[in-house]
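Just so you know, we're using this note's numbering here: the sequence shown kicks off at 2 and counts up by one.
Note that CB positions come from ideal geometry on N, CA and C, so glycine has one too.
Step one of this worksheet: look at the structure below.
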Amino acid sequence: MTKRKSLTTVFVCYFFALLCSTLFILVFQNDNMILTLLYADIIATIIIYLASYIFKNSSIYDPYWSVIPPFLLIFWIIISKPINYLNTCLVLFSVLFWAIRLTFNWLRGWKGLGQEDWRYVDLKKRTGKFYELVNFSGIHMFPTLIVFVCCLPFKFIVENSITSIYVFLGFSICFIGVLYEIISDQQLYNFKKQNSNQIINSGLWKYSRHPNYYGEILFWWGLFVYIIPEFKFNYMANMYDDYVFIYKYTMD
């Protein structure tokens, strides 16, 4: 299958997965919107897993990392009332900047359904008849749960009525992280075009073995920095409640 047909196939799979998730959110009656969104995310993951199984290529899941977080953010923007427009614009830029970069890098490197990540192929050889269990739980579901948890700050960033210095600090960390990834990815791409069987040791790769991963780590920590005031407030509130409980218990 050509790359164009492969990408069309992947697009249809993701469109169907997102459509089913959206319909579930509209139909499912639950006051806990975090739980509702989690269920919807799991449904989309199961559909993508079925596509991976049908086409015998687990790399269909690879763009899930970058495609789904913007939709999770949009979900919170739509249902949250009121929202902090400055916080929302900043985090929306951060997430889209990151998602577009990562999706583009995947599109540029993936050759189509005839190519599967070598790590998945290796897992298939190692696990044999248990591969589908590993495929569903390890390659698909576990990463979905990790990303979902890491995207929970979206809710608090959008709903927080205060724009603190931590919001701008988080935005800066996210921006630097993604910029770091763009530079390192481009350096690696240029190097591979001329040196297919060699190891890059120039540019950012001269100082780190995985500068693109370093940028990715910076991005996710940046999202956490966005919500430090919320985290600190809740932590202090919980401490206060604990102290009050202990005081009343000892007095009684």
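Going by Cα to Cα distance, which pick from Y54, S67, A52, W77 is closest to N33? Position 32 of the sequence shown, counted from the first residue, corresponds to residue 33. The residue with the shortest Cα to Cα distance from N33 is W77.
Within 8 Å, strictly: CB atoms of L205 and P212: On the sequence shown, residue 205 is found 204 positions in, with the first residue counted as 1. On the sequence shown, residue 212 is found 211 positions in, with the first residue counted as 1. Contact: yes.
Figure out for me which residue from V150, T89, N196 has the closest Cα to the Cα of Y169. What you label residue 169 is simply residue 168 of the sequence shown in a count that begins at 1. Here residue 169 is Phe; the residue named in the question, Tyr, does not match the sequence. For the residues V150, T89, N196, the minimum Cα distance to F169 belongs to T89.
Nearest candidate by alpha-carbon position, reference F172, set L224, N196, K194, F131: Along the sequence shown, read from residue 1 onward, the residue named residue 172 stands at position 171. Nearest C-alpha to F172: L224.
Which runs of the alpha helix (DSSP H) spanning at least 4 residues fall entirely within the segment 118 to 195, listed in chain order? 119 to 128, 132 to 135, 143 to 151, 154 to 160, 166 to 195
When you compare only the Cα positions, how much space is there between I174 and W221? In the sequence shown, residue 174 corresponds to position 173, counting from 1. In the sequence shown, residue 221 corresponds to position 220, counting from 1. Taking the straight line from one Cα to the other gives about 9 Å.
Who are the Cβ neighbours of F155 in its own chain at under 7 Å, not counting the five residues just before and after it? Indexing the sequence shown from 1 puts residue 155 at position 154. Closer than 7 Å at Cβ, skipping near neighbours: L73, L74, W77, V92.
Own chain residues within Cβ distance below 7 Å of V135, not counting five before or after: Sequence index remark: in the sequence shown, residue 135 carries index 134 (1-based). Counting only Cβ-Cβ distances below 7 Å, and skipping sequence neighbours, we find L124, T128.
Name the residue from T3, M2, P144, K6 whose alpha carbon lies nearest to the alpha carbon of Y50. Position 49 of the sequence shown, counted from the start, is the residue given in the question as residue 50. Checking every option, the nearest Cα to that of Y50 belongs to P144.
Three-state secondary structure assigned by DSSP to T37: Taking the sequence shown and counting its residues from 1, the one referred to as residue 37 is at position 36. T37 falls in the helix class under three-state DSSP.
Where K6 falls: helix, strand or coil (DSSP): Position 5 of the sequence shown holds residue 6. It is helical.
Which residue comes first and which comes last in the alpha helix (DSSP H) that contains N88? By 1-based counting over the sequence shown, the position of residue 88 is 87. Here the alpha helix (DSSP H) through N88 covers 86 to 110.
Proximity below 8 Å, CB of P70 to CB of C14: Numbered from 1 along the sequence shown, position 69 holds the residue referred to as residue 70. Numbered from 1 along the sequence shown, position 13 holds the residue referred to as residue 14. No; because the gap between Cβ atoms is not below 8 Å, this pair is not in contact.
Looking at G113: is its Cβ nearer than 8 Å to the Cβ of T23? For the purposes of this step, residue 113 is taken as residue 112 along the sequence shown, with counting starting at 1. For the purposes of this step, residue 23 is taken as residue 22 along the sequence shown, with counting starting at 1. Using a Cβ distance threshold of 8 Å, G113 and T23 do not count as a contacting pair.
Assign T9 to buried or exposed, taking buried as 16 or more other Cβ atoms, counted over all protein chains shown, within 10 Å of its Cβ. For the purposes of this step, residue 9 is identified with residue 8 of the sequence shown, where counting begins at 1. Exposed: under 16 other Cβ atoms inside 10 Å.
Using only the alpha-carbon positions, how far apart do A41 and N31 sit? The residue labelled residue 41 in the question sits at position 40 within the sequence shown. The residue labelled residue 31 in the question sits at position 30 within the sequence shown. Distance between the alpha carbons of A41 and N31 is about 12 Å.
Does S81 come out as helix, strand or coil in the three-state DSSP assignment? The sequence position of residue 81 within the sequence shown is 80, counting from 1. DSSP places S81 in coil when its eight states are reduced to three.
Give the single residue among I80, E133, L39, I35 whose Cα lies nearest to the Cα of S59. As a working note, residue 59 is residue 58 in the sequence shown. Answer by Cα proximity: E133.
Given this structure, state the Cα-to-Cα distance separating T164 from N85, to the nearest angstrom. For the purposes of this step, residue 164 is taken as residue 163 along the sequence shown, with counting starting at 1. For the purposes of this step, residue 85 is taken as residue 84 along the sequence shown, with counting starting at 1. Our two residues, T164 and N85, have alpha carbons roughly 8 Å apart in a direct line.
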